[in-house]
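See structure below.
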Amino acid sequence: MEFLPDGAHVRLRNRMHGAYLHADEDGVGVSLSPRRASLNTAWRVHRVRRGGDDYVLLHSAAYGRYLALSPQRVSLVYAGHAAVQGAYDAPEQVDVLWEAVRVADAAADVLMLHVSNRLLRAAPWNPALPSPVYVDIDNAGTVMQWVIEAIPLRQAPPALQGPTELPRGVVLWRTIVYMKADSQGKVDPLSRRTYGFSGRSLFHLTGDLANQLRLQFRSITLCVRAGSQGRLTPLVIDLPADERTMEVVVFTNGSSAASALQHPNVDAM
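In terms of the numbering used here, the numbers along the sequence shown are unbroken and rise by one, the last being 265.
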């Protein structure tokens, strides 16, 4: 599994359809998308060892949530399960565990084998409609093969985008759990605070947290963590369109911890 080193940013391109594994904006679904230059099609590798076996976990570079197996079947007539974005909350959690198995005679192709012995696969492709991704026990050929594309890093963080508003009539309300990291990135769990946040705008969230912590707006960077076992992901696009609680760690720009944050260059060819 040397081609998926811990901490690397990658895309997974479906061999049959040529589209990419995509973390949907609802913060839950996983689908195929032709959009290569998007944080939603970028994933970061998180490797763990369980019982003597190595596993690959993938968390979205957009929202930090982990590629996971839904506990429910898709339907009564189809035994497959949906691939979803989930939190990594417990050391013994298994729904986020995958193995990358090389495909013979295909240097960059892998099968993503879930610990339940099911394979990540694409649904039939229709560019005009959302195309879900399933986890299934049946061998369906190249719809189960994924080409691993490495993503280089940016030399500097992307600029914070301007404020955005929800469409008229749409209301989103979530709890933000936030903590301030020190210059080395360490966080005191006893410093956790919560508040209610309306909308999706990262610009507004940054302003709110700067006010809460009595810091300058341009002096902080936000990272999100999906679950107590999850790794931090820099938050550089608007929040997902859901109401799940989000855990945010606030870094001071210019600190060694903030300078060590890595950002994938999704625009690189």
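Quick reminder that beta carbons are idealized off the backbone N, C-alpha and C, glycines included.
These figures come from a predicted structure and were not determined experimentally.
| request: Report, in whole angstroms, the separation of the C-beta atoms of L115 and V131, which I expect to be a contact under 8 Å. | output: Counting from one through the sequence shown, the residue named residue 115 turns up at place 119. Counting from one through the sequence shown, the residue named residue 131 turns up at place 135. Contact flag correct, Cβ pair sits at about 7 Å.
| By how many angstroms is the C-alpha of I216 removed from the C-alpha of R16? | The residue given as residue 16 occupies position 20 in the sequence shown. The residue given as residue 216 occupies position 220 in the sequence shown. One detail in the question is off: residue 16 reads as Tyr in this sequence, not Arg. Computed Cα separation, rounded: 32 Å.
| said: Beta-carbon within less than 6 Å of A64's beta-carbon, same chain only, minus the 5 sequence neighbours each way: which residues are those? | reply: Position 68 of the sequence shown, counted from the start, is the residue given in the question as residue 64. If you ignore the 5 residues before and after A64, its C-beta comes within less than 6 Å of the C-beta of V80, G82, D91 and V92, all in its own chain and listed in chain order.
| query | Given that a residue counts as buried once 16 or more other Cβ atoms are within 10 Å of its Cβ, and exposed if not, what is S127? | reply | Counted from its first residue, the sequence shown places residue 127 at position 131. A residue is called buried once 16 or more other Cβ atoms fall within 10 Å of its Cβ, and S127 is buried on that count.
| field | Buried versus exposed call for L149 [16 or more other C-beta atoms within 10 Å across all chains shown] | value | On the sequence shown, position 153 is the one that residue 149 refers to. In summary, L149 is exposed, with fewer than 16 beta-carbon neighbours lying within 10 Å of its beta-carbon over all protein chains present.
| message | Can you look up M(-3) in the DSSP assignment and give me helix, strand or coil? | response | Working through the sequence shown from its first residue, we reach residue -3 at position 1. The predicted model places M(-3) with a pLDDT of 45, which falls under 50 and marks its position as unreliable, so this point remains unresolved.
| request: Identify, in the order they occur along the chain, each residue of the same chain with its Cβ nearer than 8 Å to the Cβ of H77, setting aside the five sequence neighbours on each side. | output: The residue given as residue 77 occupies position 81 in the sequence shown. Around H77: L65, S66, P67, Q68, R69, V70, R114, Y130, V131 and D132.
| said: Suppose you measure from the CA of R61 to the CA of M242; what does that come to, to the nearest Å? | reply: By one-based count along the sequence shown, residue 61 stands at place 65. By one-based count along the sequence shown, residue 242 stands at place 246. If you take the alpha carbons of R61 and M242, they lie about 10 Å apart.
| task | Tell me whether Q141 sits in a helix, a strand or coil according to DSSP, three-state version. | result | Along the sequence shown, read from residue 1 onward, the residue named residue 141 stands at position 145. For Q141, the secondary structure class from DSSP, reduced to helix, strand or coil, is strand.
| Straight-line Cα distance separating D238 from V220 | By one-based count along the sequence shown, residue 220 stands at place 224. By one-based count along the sequence shown, residue 238 stands at place 242. The alpha-carbon atoms of V220 and D238 are separated by roughly 15 Å.
| Those residues which DSSP pairs with Q208 across a bridge | The sequence position of residue 208 within the sequence shown is 212, counting from 1. Q208 is not bridged by DSSP to any residue.
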